[in-house]
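Below is one structure, written out as C-alpha cells; the observations come after it.
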Amino acid sequence: MANRPMLEIVSLEKRFGPNTILKKIDLKVAEGELVFVIGPSGSGKSTMLRCCNRLEEPTSGDIIVDGRNIMAGTRRDLDRMRLQIGMVFQGFHLYPHMSVLKNVTLAQRKALKRSKAEADARAIDMLEQVGMAHKADAYPGELSGGQQQRVAIARSLALDPKVMLFDEPTSALDPELVGSVLKVMKDLKSKGMTMVVVSHEMGFARETADRVVFMDGGVVVEQGTPDEIFGAPKAERTRTFLSRVSG
Amino acid sequence: MDRFLETFFNPVVMAQYTPDIIAGIWVTLTIAAAVIVAGIAAGLALACLRSYGIRALNFLIICYADIFRALPPLVVILILYFGFPSIGIQLSGPMVLFIVLAATLAAFAEEIFWAGFSSVEKGQWEAGIATGLGFTRTLAYVALPQAVRLALPPLVNRVLAITKMTALGSAIGVSEILSSATTAQSFSGSATPLTMSVVAYLVIFLPMVVIARWLESRTAWKKR
C-alpha cells in the first residue's frame, strides 16, 4: 500500500453555537486504505465525515484531498473537488423522479460534461459492479433499500472519485439486505479505493478495515488496527463503548 | 315555466348576442392564457430565487407574496385603471386586468412552489451537492422537478380561481364574457345573455376542473 495520504484532515474544528462538536481532529488516510470510524452517537463521527466534502462547513481546519486543500479556492473549485469525493448516505437519497440509469448519469453529464453515450456506458459499468445493471430502467421507489444503496454507490463511483466516504451506509437497511451492500464495499476496497466508513458493522470492520478510529466527545480517542482496537483497546472509553455494542 | 324559459332561454336574444358572447370568450381566453403563463413563470422564478436564501431578497419576495395574497384583486384593478392615469400612467383595461391577475397568481404560485421546494428532502440537495452539481444545477435538475410535482395540484386549483377573476374586467369595461353578457342584458332587457355567459364559463372552466382532478390523482412517483 502506498503511503501517500489521499485524504488529510488537519486540526478540524466544528462548533455549533456554544457546542464544540469536533475538537482539532487530525486524521490521515493513505491511498487505498480503508479507515473505519466508530464511536457512540453524538461523538462527531458523522459530522467529521460531512466536513470532508463541506456538506458541513468546518469552523476551522483544513481538508486536503490528494494534495489539494478543499478549504481554499472558489465555490467552483469546491464543486470540482467534490466530484473527487464520493459520498454515500444512510438514507441513500436517490432522485425519485429519475430512473436508476439517470440517477447515475446526471452528475456525469451536468458536472463532468460527459457525452450521453460515455455517461451511459460508464453508468452501466458501475451498475454491473454493484450488481444492479438489470435495474437500470427501474425507478428508486421500486427497489429495496439494499438495492437503492448499491445504486447510490454506483452513482458516486461513476464520477471516478479519489476517496469514498460512507456515512452509516447500512444503518437504514433491513438486516438481510446489509450483506449485499457490505459485499460491494469489500469489492471496492479490493480494487484499491480509498475509503472512510462511519458504521456500526463491527464484523465488517474486523474483516476489512486497515485501521479503526474510535471517536468520542469530538476527539479521536484511539486508533489502530482492528486487532488492536477490538482485541486490546487501551483507552477506558473505547473498552466501555465496545463492551456496550458487542454486549 | 314559459316565463322562466322566456327570461333565461329566449332564442331570439340568444341568436342576436351569440357573436358578442363568442367575442367575449375569445377575450377571456386570451387574457387567461397570458395570466397563467406570466403568473406561473414569475411565481416559479421568485420561488427559485428564494431558495438561494439571500436574506434581503427573501424579505422582499415574502412581502410581495403576502401583500398580493391579501389584497382583493378588484381593489388593485380599480386603482390601476382609475387612479394611475392621474399620475400619468395610462393603461388599457385588458392590460390592467392582465397585470393585476398575473401579479396575484405570481404571489400564490410563489408560495405554492416554495412549499414544494420546502418539502423536497434535505438529503436530495445533499446528494446533488455532494456529486459536484453545485447549488444551481441541484436546484434545476433535482429539486425543481420534485417541487413542481408536489406543487401541481394546488397550483391548478389556484390557476382556476385566478383565471375566473377575468370576470372582474367587467368593472373596467374589458369586453370579456361577463362584460359582453351584461351589456347584452341591458340592451335586450333579458337575462338570457347571462345564461349564455354561464354556458361559456362552463365550456372554458369545466375541462380545467377535470384536468385538475386528473392531476391530483397522479402525483405519486412512478411505480410499476
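For the protein sequence lines, the chains are V and A, in the order given. Going by our numbering, the first sequence opens with residue 1, and the numbers climb by one from there. Going by our numbering, the second sequence opens with residue 1, and the numbers climb by one from there. Here a beta-carbon is modelled for each residue, glycine too, at the ideal position from N, C-alpha and C. Predicted model, so just to flag it, every value in this text is computed and none were measured.
Going by alpha carbons, who is nearest to residue 114(A) out of 5(A), 206(A), 52(A) and 198(A)?
Checking every option, the nearest Cα to that of residue 114(A) belongs to 52(A).
Anything in chain V within Cβ reach of residue 130(A), meaning under 7 Å, just list it in chain order.
The answer, in chain order, is 53, 55, 82 and 87.
Please tell me whether residue 151(A) has its Cβ less than 8 Å away from any Cβ of chain V.
Closer than 8 Å: no.
Kindly list the residues whose CB is nearer than 6 Å to the CB of residue 56(V), restricted to its own chain and excluding five residues on each side of it in sequence; keep chain order.
Cβ within range, chain order: 47 and 50.
Go ahead and pull the three-state DSSP assignment for residue 241(V).
Helix.
Across which residues does DSSP place residue 164(V) in a beta bridge pair?
Answer is 86(V) and 195(V), bridged to residue 164(V).
Would you mind reading off the limits of the beta strand (DSSP E) that contains residue 37(V)?
Run containing residue 37(V): 34-38, per the beta strand (DSSP E) assignment.
Applying the 10 Å Cβ sphere with the 16-neighbour rule, what's the burial state of residue 90(A)?
Per the 10 Å Cβ criterion, exposed.
Going by beta carbon distance, what residues of the same chain come within less than 6 Å of residue 64(V), once the five residues before and after it are set aside?
Cβ within range, chain order: 8.
Name the chain V residues that come within less than 7 Å of residue 237(A), Cβ to Cβ?
Nothing can be reported for residue 237(A): it is not among the residues displayed for chain A, which extend from 1 to 224.
Considering Cα atoms alone, identify which of 159(V), 74(V) and 102(V) is closest to residue 133(V).
Comparing Cα positions, the closest option is 102(V).
On a Cα-Cα basis, can you pick out the residue from 147(A), 136(A), 132(A) and 137(A) that is closest to residue 120(A)?
Answer by Cα proximity: 147(A).
By the 10 Å Cβ neighbour count, where 16 or more other Cβ atoms means buried, how is residue 240(V) classified, buried or exposed?
Exposed, since its Cβ has fewer than 16 Cβ neighbours within 10 Å.
Assuming residue 47(V) is part of the alpha helix (DSSP H), what are its boundary residues?
Note, residue 47(V): alpha helix (DSSP H), 45-51.
For the candidate residues 218(A), 142(A) and 5(A), whose alpha-carbon lies nearest to that of residue 99(V)?
Minimum Cα distance to residue 99(V) is reached at 142(A).
Name the one or two DSSP bridge partners that residue 60(V) has.
DSSP output for residue 60(V) lists 13(V) as bridge partner(s).
Who are the Cβ neighbours of residue 202(V) in its own chain at under 6 Å, not counting the five residues just before and after it?
For residue 202(V), where only same-chain residues beyond five positions count, there are no Cβ hits under 6 Å.
Per DSSP, what are the beta-bridge partners of residue 30(V) in this structure?
In DSSP, residue 30(V) forms a bridge with 5(V).
List the residues that DSSP assigns as beta-bridge partners of residue 215(V).
Its beta-bridge partners are 220(V).
Going by the CB atoms, is the gap between residue 23(V) and residue 33(V) shorter than 8 Å?
No, the Cβ-Cβ distance between residue 33(V) and residue 23(V) is not below 8 Å.
Beta-carbon within less than 8 Å of residue 88(V)'s beta-carbon, same chain only, minus the 5 sequence neighbours each way: which residues are those?
The residues are 149, 152, 153, 156, 164, 165, 166, 167 and 169.
What are the residues in the stretch 155-177 of chain V lying within 8 Å of chain A by C-beta distance?
Answer in chain order: 155, 156 and 159.
Check whether the Cβ atoms of residue 36(V) and residue 197(V) lie closer than 8 Å to each other.
Contact: yes.
Is the Cβ of residue 127(A) closer than 8 Å to any Cβ of chain V?
At least one chain V Cβ lies under 8 Å of residue 127(A).
In the DSSP assignment, what are the bridge partners of residue 22(V)?
DSSP output for residue 22(V) lists 14(V) as bridge partner(s).
Taking only beta-carbon atoms, is residue 124(A) less than 8 Å away from chain V?
Chain V, which has a Cβ nearer than 8 Å to the Cβ of residue 124(A), makes this yes.
Any Cβ of chain A within less than 8 Å of the Cβ of residue 1(V)?
Any reading at residue 1(V) needs caution, since the residue's pLDDT is 48, under 50, leaving its predicted position unreliable; the model's value is listed next. No - not a single Cβ of chain A is within 8 Å of the one on residue 1(V).
Report yes or no: is there a C-beta of chain V within less than 8 Å of the C-beta of residue 218(A)?
By this cut-off, residue 218(A) is not an interface position.
Only counting the same chain, and skipping five residues up and downstream in sequence, which positions put a Cβ closer than 6 Å to that of residue 166(A)?
Result list for residue 166(A): 28, 31, 32 and 176, in chain order.
Identify the contact partners of residue 141(A) in chain V, using a Cβ-Cβ distance below 7 Å as the criterion.
The contacting residues are 106 and 110.
Using a Cβ-Cβ cut-off of 8 Å (strictly less than) and excluding sequence neighbours within five positions of residue 224(A), which residues of its own chain qualify?
Low local confidence applies: a pLDDT of 39 at residue 224(A) is under 50, so the model's placement there is unreliable, with the coordinate-based value given in what follows. Cβ within range, chain order: n/a, list empty.
Confirm, please, whether the CB-CB distance from residue 45(V) to residue 215(V) is below 8 Å.
Yes, the pair counts as a contact, with Cβ atoms nearer than the cut-off.
Have a look at residue 111(V) and residue 132(A) and give me their C-alpha separation to the nearest angstrom.
About 6 Å.
When DSSP builds the beta bridges, which residues end up paired with residue 213(A)?
Residue 213(A) pairs with nothing; no bridge assigned.
Report yes or no: do the stretch 152-166 of chain A and the stretch 103-113 of chain A share at least 3 C-beta pairs separated by less than 8 Å?
Touching, yes, given that three or more Cβ pairs across the two stretches are closer than 8 Å.
Got a sec: is the Cβ-Cβ distance from residue 200(V) to anything in chain A below 8 Å?
No, residue 200(V) lies away from the interface with chain A (no Cβ there is under 8 Å from its Cβ).
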